[in-house]
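K.L.:
Structure incoming, see below.
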Amino acid sequence: MKFSENWLRSFIDPPADRDELVRRLTMAGLEVEAVEVLGAGLDGVLVGEIESAEPHPNADKLRVCRVRAGGEALTIVCGAPNARAGLKAPLAMVGAKLPGGIEIRRAALRGVESNGMLCSGRELGLGADADGLWELPADAPVGVTLASYLALPDASIELKLTPNRPDCLGLRGLASEVAALFALPPVASDVRAVPPRNDAARAVRLEAPADCPRYLGRVVRGVDPRAATPMWLAERLRRAGLRPISAIVDCTNYVMLELGQPMHAFDLARIEGEVVVRRGREGEGLKLLDGREVAVDGGFLMIADARKPLAIAGVMGGWDSRVTDDSVDIFLESAHFAPDAISGRARRLGLHTDASHRFERGVDPELPRAAIERLTELVLSIAGGEPGPVVEAVSAQHLPQRPPVRLRRARLARVLGIEVPDARVESILRGLGFELAASADGWTVAPPSRRFDIAIEEDLIEEVIRVHGYDAVPVRAPSGTLVVAPEPEGRVPESTLREVLRARGYSEAVCFAFVGADALRMWQLDEGAIALANPLSHELAVMRTSLLPGLVDALRRNLARQAARVRLFEIGHTFAAGSAGPRESQCLAGVAIGSAAPEQWGEARRALDFHDLKGDIEQLLATTGDAASFVFQPVARPWLHPGRSAEIVRAGQPIGLAGALHPALAGALDLPQDTWVFELAVEPLAIRPVPVAAEVSRLPSVRRDLAIVVDRQVPWGGLETAIRAAAGPLLRGLVLFDEYSGKGLPDSARSLAIGLILQDDSRTLTDEDASQIVASVVAAIAEQFGGQLRG
């Protein structure tokens with residue numbers, strides 16, 4: 000819900016500045032998501048009128064304009080295509096400073112002095128259109144400040160409303176809420192009934208009263224379909240996020256924003272016979288206002304005439320019955336649709352409209368009468384015409400009822416933990432529009448028709464405390480000494496690492512921190528081992544220098560019990576002697592054996608390989624949000640298989656190892672040859688950049704595919720690092736999508752097909768930009784690895 004602050008204050012003007020208003024709304028559960036200040040820095044911008052616009056003597060695309068702004072006419076050089084005599088547009092005088100930081104000065108443009116600047120809406124920070132001058136209405140008073148003419152400064156405030164508060168999707172409902180928050184008198188309804196001036200009417204019939212228990216229609220004859228939308232109305236729509244379209248349509252949107260009741264206008268000449276509210280029929284279709292042809296069925300609620308559908312109720316009107324520049328007689332609609340009849344229908348069509356957004360959540364069933372009177376008044380004041388009587392079809396038994404709810408004084412105090420005086424409770428509820436009847440233990444409360452969300456006692460308790468103020472609840476520290484340690488955003492929690500591995504099929508093991516000295520010597524990991532002064536046994540005589548010996552022993556125990564497919568991991572501490580004393584490090588290790596996937600009918604059995612293990616590790620690395628900073632490179636360790644192992648490096652710093660156990664070690668431990676292990680240091684693994692919000696680039700990316708021939712011994716990890724360094728910050732993605740060796744290549748070489756995805760946030764990259772980056776990448780590969788493009 001987006002609205003103009005000035006518009007809200009025209010209904011209720013609380014004694015609070017913008018910041019306090021925003022704070023109070025948010026604290027009351029109406030979260031303010033964004034505030035856009037409008038009209039700041041418009042000093043020196045006036046309403047100007049172009050008296051003449053002549054071609055520039057020295058430039059084909061410029062015009063020399065004589066502009067009047069209340070005093071002597073000024074000479075302005077302008078390049079806008081719509082600059083013409085008689086046009087009224089914003090004029091920034093010499094010395095004005097525009098919102099974008101532009102300072103207006105006298106300047107000579109191609110030999111003609113310009114004494115100011117005629118402005119577009121974007122240059123003033125008041126619109127997105129920059130194709131020409133902002134065309135102000137013909138009745139705009141020349142010489143007045145633009146800010147005063149447009150009722151600026153203002154702010155466009157956006158609320159993030161929860162689905163249970165549809166009553167605040169209209170300015171009057173929101174104003175009632177603000178009145179209650181600031182203990183001001185309720186907002187009075189000033190909607191007056193517009194008496195009919197003729198007998199023109201269209202009969203209305205309800206065939207689906209449970210879905211539409213109330214439908215009102217009114218004929219207005221003789222409107223001016225080409226009437227201009229007044230600037231004040233158009234500006235309120237813009238500041239609420241809606242684009243002005245035409246006078247009649249703008250009036251319907253205005254009433255929707257003002258009262259919260261979606262409205263629609265039909266061309267009366269396109270309606271045949273009576274207006275019927277019914278369910279859709281199989282095979283029925285409709286062309287919508289957006290030009291799309293859609294098929295409907297019995298799940299849709301339709302507005303139709305005697306022969307054809309006119310609109311999808313609560314979602315969007317039809318193309319053929321729309322109001323156009325030739326519509327002089329119109330039919331205004333105001334209805335109450337049951338939320339269940341509208342919910343999900345727009346999504347089925349791939350739509351989300353302002354009407355469906357409101358009707359899905361629930362609109363006040365008593366609002367349609369006031370809304371159609373308000374719309375009639377607005378249409379007559381802008382487009383003229385003569386209204387007929389309001390025709391209403393209603394099914395009283397299907398209108399939603401709001402049964403009263405009991406609020407007990409004791410329950411209120413128990414849930415809130417504080418005593419709220421009775422007078423304060425009554426003041427709050429009455430201010431919100433509730434009707435109260437006092438009883439011995441509390442109140443019987445009747446919610447207003449607009450409050451769909453009040454059903455149980457706890458709903459009323461919430462209403463009391465959010466208006467009374469959560470900050471009015473005293474802070475009482477709980478007893479005890481428990482302290483909740485903050486979890487920094489710059490670290491990956493251990494719980495996340497555990498969840499990732501469990502999701503990959505690993506089970507967590509907890510092994511002893513002590514191992515046998517013989518076991519460490521077998522692994523050749525006994526360097527720096529710390530012996531215990533009083534060990535439990537010979538097999539638990541020294542502190543472990545690695546988690547893997549104990550974890551592999553647990554694996555052996557599982558294999559001995561006929562477990563053919565085992566995945567285990569452990570997060571624990573390792574210990575080693577150092578010059579400054581014992582050194583303790585936290586590590587994460589894993590072991591895996593057996594088939595790549597559990598036995599199943601849908602996938603052939605396949606043994607686990609290095610790439611499966613690497614995939615598990617990469618899932619851990621991805622939790623940092625910086626997976627590209629990790630590189631796998633060949634490594635030699637006495638307990639790892641040569642050629643089937645890798646070292647994991649981050650920013651040039653080794654953080655772990657992964658691979659198959661050395662065949663000799665696997666044989667000594669009576670394990671299969673393909674026993675896969677990994678061990679990582681937790682501290683460097685857990686570091687992650689703090690997330691920073693950034694806009695998704697609106698500019699297109701560029702992809703360049705290369706085939707690079709390199710020696711078979713060149714690792715991809717090294718290539719990837721070199722490519723990223725050579726490509727620089729414009730490289731947004733790097734993919735290796737093919738590998739080829741064989742005919743046409745030396746036996747010692749392989750061809751790698753890579754894709755470079757390039758993008759800049761500030762401009763569209765040219766072919767020349769992409770070619771330069773590709774040349775840098777190719778040169779780096781040639782220099783560092785002797786690689787070349789495949790011819």
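Heads up, the sequence shown is in numbering that gives the first Met the number 0, so the first residue is 0 and it goes up one at a time.
Glycine included, each C-beta is placed from N, C-alpha and C at the ideal position.
Since Arg321 and Pro165 are thought to touch, with beta carbons under 8 Å apart, how far apart are those beta carbons, to the nearest angstrom?
P.N.:
On the sequence shown, position 322 is the one that residue 321 refers to. On the sequence shown, position 166 is the one that residue 165 refers to. Rounded, the Cβ-Cβ distance is 26 Å, inconsistent with contact.
K.L.:
Assuming Arg566 and Tyr505 form a contact by the criterion Cβ under 8 Å, report the distance between their Cβ atoms to the nearest whole angstrom.
P.N.:
Locating residue 566 in the sequence shown gives position 567, where the first residue counts as 1. Locating residue 505 in the sequence shown gives position 506, where the first residue counts as 1. About 4 Å; that satisfies the 8 Å criterion.
K.L.:
Using the rule of at least 16 other Cβ atoms within 10 Å of the residue's Cβ for burial, across every protein chain shown, is Gly343 buried or exposed?
P.N.:
Taking the sequence shown and counting its residues from 1, one reaches residue 343 at position 344. With fewer than 16 other Cβ atoms within 10 Å, it is exposed.
K.L.:
From this set, Leu374, Ser394, Ala395 and Glu365, which residue's C-alpha is nearest Pro386's C-alpha?
P.N.:
If you number the sequence shown from 1, residue 386 lands on position 387. Selected option, being the one with the closest Cα: Leu374.
K.L.:
Going straight from the alpha carbon of His335 to that of Ser355, what length do you get?
P.N.:
In the sequence shown, residue 335 corresponds to position 336, counting from 1. In the sequence shown, residue 355 corresponds to position 356, counting from 1. Those two C-alpha atoms are separated by around 12 Å.
K.L.:
Kindly confirm or deny that the stretch 680-692 and the stretch 747-763 touch, where touching means at least three C-beta pairs closer than 8 Å.
P.N.:
Contact between the stretch 680-692 and the stretch 747-763 is absent, because fewer than three Cβ pairs lie under 8 Å.
K.L.:
How many whole angstroms separate the CB atoms of Gly284 and Val295, which I take to be in contact at a CB cut-off of 8 Å?
P.N.:
If you number the sequence shown from 1, residue 284 lands on position 285. If you number the sequence shown from 1, residue 295 lands on position 296. About 7 Å separates the two Cβ atoms, so the contact holds.
K.L.:
Among the candidates Ser761, Val773, Ser740 and Leu698, whose CA atom is the shortest distance from the CA of Leu733?
P.N.:
Position 734 of the sequence shown, counted from the start, is the residue given in the question as residue 733. Ranking the options by Cα distance to Leu733, first place goes to Val773.
K.L.:
Could I get the ranges of all uninterrupted beta strand (DSSP E) runs contained in the stretch 40-78, with 3 residues as the minimum, in chain order?
P.N.:
44-54, 62-67 and 73-77, all fully within the stretch 40-78.
K.L.:
Using the Cβ count rule (16 or more neighbours within 10 Å means buried), how would you classify Asp328?
P.N.:
Working through the sequence shown from its first residue, we reach residue 328 at position 329. It counts as buried.
K.L.:
On the three-state DSSP scale, how would you describe Gln672?
P.N.:
In the sequence shown, residue 672 corresponds to position 673, counting from 1. Residue state, collapsed to three classes: coil.
K.L.:
Cβ atoms of Phe677 and Leu656: under 8 Å apart, would you say?
P.N.:
Counting from 1 along the sequence shown, the entry for residue 656 is found at position 657. Counting from 1 along the sequence shown, the entry for residue 677 is found at position 678. A contact, by the Cβ cut-off of 8 Å.
K.L.:
How would you write the range of the alpha helix (DSSP H) that Gln783 sits in, first residue to last?
P.N.:
Position 784 of the sequence shown, counted from the start, is the residue given in the question as residue 783. Here the alpha helix (DSSP H) through Gln783 covers Asp766 to Phe784.
K.L.:
Would you say Val21 lies against chain D (beta-carbon separation less than 8 Å)?
P.N.:
Annotation note: the requested chain D is absent from the structure, which comprises a single protein chain.
K.L.:
Whose CA, out of Met26, Gly85, Arg83 and Ala106, lies closest to the CA of Gly94?
P.N.:
If you number the sequence shown from 1, residue 94 lands on position 95. When only C-alpha atoms are compared, the closest one is Ala106.
K.L.:
Which residue marks the beginning of the alpha helix (DSSP H) containing Pro473, and which one marks its end?
P.N.:
Along the sequence shown, read from residue 1 onward, the residue named residue 473 stands at position 474. That residue, Pro473, is in no alpha helix (DSSP H); it is neither H nor E in DSSP.
K.L.:
From which residue to which residue does the beta strand (DSSP E) around Asp710 run?
P.N.:
Within the sequence shown, the letter at position 711 stands for residue 710. Here the beta strand (DSSP E) through Asp710 covers Val701 to Asp710.
K.L.:
Looking only at its chain, what residues have a beta carbon closer than 7 Å to the beta carbon of Pro492, apart from the 5 residues adjacent to it on each side?
P.N.:
Within the sequence shown, residue 492 is the residue found at index 493, counting from 1. The residues are Glu486.
K.L.:
One question on the structure: do Ala209 and His397 come within less than 8 Å of each other, judged by their Cβ atoms?
P.N.:
Looking up residue 209 in the sequence shown gives position 210. Looking up residue 397 in the sequence shown gives position 398. Yes, these two residues count as a Cβ contact at 8 Å.
K.L.:
Look up His661 in the DSSP assignment and say whether it is helix, strand or coil.
P.N.:
If you number the sequence shown from 1, residue 661 lands on position 662. Residue state, collapsed to three classes: coil.
K.L.:
May I ask which residues mark the beginning and end of the beta strand (DSSP E) holding Gly441?
P.N.:
Along the sequence shown, read from residue 1 onward, the residue named residue 441 stands at position 442. From DSSP, the beta strand (DSSP E) with Gly441 extends over Gly441 to Ala445.
K.L.:
Return helix, strand or coil for Cys510, following the three-state DSSP convention.
P.N.:
The count along the sequence shown starts at 1 and reaches residue 510 at position 511. In the structure shown, Cys510 sits in coil (DSSP, three-state: anything other than H, G, I, E or B).
K.L.:
For a test of the three-state rule: what should DSSP assign to Glu332, helix, strand or coil?
P.N.:
Here residue 332 corresponds to residue number 333 of the sequence shown, with the count starting at 1. If DSSP states are grouped into helix, strand and coil, Glu332 belongs with the strands.
K.L.:
Quick one: what does DSSP say His640 is sitting in, helix, strand or coil?
P.N.:
For the purposes of this step, residue 640 is taken as residue 641 along the sequence shown, with counting starting at 1. Reduced to three states, the DSSP call for His640 is strand.
K.L.:
Which whole-angstrom value is the C-beta distance of Leu145 and Leu45, which I expect to be below 8 Å?
P.N.:
Numbered from 1 along the sequence shown, position 146 holds the residue referred to as residue 145. Numbered from 1 along the sequence shown, position 46 holds the residue referred to as residue 45. Correct: roughly 6 Å between the Cβ atoms.
K.L.:
Tell me the rounded alpha-carbon separation between Gly793 and Ile49.
P.N.:
There is no way to answer for residue 793, as the model of the chain reaches only from 0 to 790.
K.L.:
Have a look at Arg220, Glu112 and Leu500 and flag the residue whose alpha-carbon is nearest the alpha-carbon of Val63.
P.N.:
The sequence position of residue 63 within the sequence shown is 64, counting from 1. Of the candidates Arg220, Glu112 and Leu500, the one whose C-alpha sits nearest the C-alpha of Val63 is Glu112.
K.L.:
Using the Cα positions of Arg503 and Asp611, report the straight-line distance between them to the nearest angstrom.
P.N.:
Counting from 1 along the sequence shown, the entry for residue 503 is found at position 504. Counting from 1 along the sequence shown, the entry for residue 611 is found at position 612. The alpha-carbon atoms of Arg503 and Asp611 are separated by roughly 10 Å.
K.L.:
What do you reckon, are the CB atoms on Tyr214 and Val254 nearer than 8 Å?
P.N.:
The sequence position of residue 214 within the sequence shown is 215, counting from 1. The sequence position of residue 254 within the sequence shown is 255, counting from 1. Contact: no.
K.L.:
Do you know offhand how far Val709's Cα is from Gly786's?
P.N.:
Position 710 of the sequence shown holds residue 709. Position 787 of the sequence shown holds residue 786. Taking the straight line from one Cα to the other gives about 5 Å.
K.L.:
Based on DSSP bridge pairs, tell me the residues matched to Phe181.
P.N.:
Within the sequence shown, the letter at position 182 stands for residue 181. Answer is none; Phe181 lacks a bridge partner.
K.L.:
What are the residues that DSSP puts in a beta bridge with His263?
P.N.:
As a working note, residue 263 is residue 264 in the sequence shown. According to DSSP, which records beta bridges pairwise, His263 is partnered with Glu332.
K.L.:
Within its chain, find whatever has a CB closer than 6 Å to the CB of Leu168; leave out the 5 residues flanking it on each side and keep chain order.
P.N.:
On the sequence shown, residue 168 is found 169 positions in, with the first residue counted as 1. These residues qualify, in order along the chain: Met0, Gly259 and Arg357.
K.L.:
Going straight from the alpha carbon of Thr251 to that of Ala226, what length do you get?
P.N.:
Translated into the one-based positions of the sequence shown, residue 251 becomes position 252. Translated into the one-based positions of the sequence shown, residue 226 becomes position 227. Cα-Cα distance, rounded: 14 Å.
K.L.:
Could you pull out every residue in the same chain whose Cβ sits closer than 6 Å to the Cβ of Arg238, ignoring the five residues on either side in sequence?
P.N.:
Taking the first residue of the sequence shown as 1, we reach residue 238 at position 239. Excluding sequence neighbours, Arg238 sits near Ser3 and Ser155.
K.L.:
Measure from the alpha carbon of His467 to the alpha carbon of each residue in Gly430, Ser536 and Arg475, then state which is nearest.
P.N.:
Counting from one through the sequence shown, the residue named residue 467 turns up at place 468. Among Gly430, Ser536 and Arg475, the Cα nearest to that of His467 is on Gly430.
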